[in-house]
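Peer 1: Questions regarding the structure given below will be posed in turn.
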Amino acid sequence: LVMCEVMMPDGKTPHPSNKRATILDDAGAWFGFEQEYFFYKDGRPLGFPTAGYPAPQGPYYTGVGYSNVGDVARTIVEEHLDLCLAAGINHEGINAEVAKGQWEFQIFGKGSKTAADQMWMARYLMLRLTEKYGIDIEFHCKPLGDTDWNGS
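Residue 302 in our numbering sits at position 108 of the sequence shown, and the numbers go up by one each step.
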């Protein structure tokens, strides 16, 4: 994997779209990120019925078993973990979240640029991986609108 930083033709000036260049390079600081996301299939969260909502929240958080997490979600989550570790990303953990179809992973890194780069690459790997399964990813923090699903 290669992550590029876009520069102007002079090779020294960051391109205006290059927000990474504005990050303070504090190589000694530790940062932890928690990335929540939803798996989506056919325009709705994975495991949601065609109309309406699944059973109320409760059994999905850190859930196990088919009725709580479905048949493909954990496969994707664990494969993503393996891809991140193989890429040298400091992937610290995974768990199912409060809403059905909602998961999260944690990235921990030393140095703000390194930690941010690892999060970008982890997200990229997730997006590429889910292509294989015909699943979409929604990184929006509240994709279900004003509903009673903690953390979503």
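Using N, Cα and C, we set each Cβ at its ideal position, and we do this for glycine too.
Using only CA atoms, which one of Phe227, Leu240, His285 lies nearest to Ala293?
Peer 2: For the purposes of this step, residue 293 is taken as residue 99 along the sequence shown, with counting starting at 1. Per the Cα distances, Leu240.
Peer 1: Which residues share a DSSP beta bridge with Trp297?
Peer 2: Here residue 297 corresponds to residue number 103 of the sequence shown, with the count starting at 1. In DSSP, Trp297 forms a bridge with Tyr231, Ala290.
Peer 1: With DSSP collapsed to three states, give me the class of Ala311.
Peer 2: As a position in the sequence shown, residue 311 is number 117, starting the count at 1. Checking the sequence, you will find Asp at residue 311 rather than Ala. Reduced to three states, the DSSP call for Asp311 is helix.
Peer 1: In chain order, what residues of the same chain lie with their CB nearer than 6 Å to the CB of Ala309, ignoring the 5 residues before and after it?
Peer 2: As a first step, residue 309 must be located in the sequence shown, where it is residue number 115. Phe225, Gly303, listed in sequence order.
Peer 1: Looking only at DSSP bridge pairs, what is His285 linked to?
Peer 2: For the purposes of this step, residue 285 is taken as the residue at position 91 of the sequence shown. His285 pairs with Ile301.
Peer 1: Please tell me whether Pro250 has its Cβ less than 8 Å away from any Cβ of chain C.
Peer 2: No chain C is present in this structure, which holds just one protein chain.
Peer 1: Where DSSP assigns a beta bridge to Met201, which residues make up the other side?
Peer 2: Looking up residue 201 in the sequence shown gives position 7. Answer is Pro208.
Peer 1: Expressed to the nearest angstrom, what Euclidean distance is found between the alpha-carbon atoms of Ala290 and His209?
Peer 2: Here residue 290 corresponds to residue number 96 of the sequence shown, with the count starting at 1. Here residue 209 corresponds to residue number 15 of the sequence shown, with the count starting at 1. Distance between the alpha carbons of Ala290 and His209 is about 38 Å.
Peer 1: Spatial neighbours of Asn212 within its chain, please: C-beta separation below 8 Å, excluding the five flanking residues on both sides.
Peer 2: Within the sequence shown, the letter at position 18 stands for residue 212. If we look at Asn212 and ignore the five residues flanking it on each side, its Cβ neighbours are Glu199, Val200, Met201.
Peer 1: Opposite Ile331 in the DSSP bridges: which residues?
Peer 2: Working through the sequence shown from its first residue, we reach residue 331 at position 137. DSSP output for Ile331 lists Phe233 as bridge partner(s).
Peer 1: Hey, how far is the Cα of Glu230 from the Cα of Thr324?
Peer 2: Position 36 of the sequence shown, counted from the start, is the residue given in the question as residue 230. Position 130 of the sequence shown, counted from the start, is the residue given in the question as residue 324. Each residue's alpha carbon lies about 15 Å from the other.
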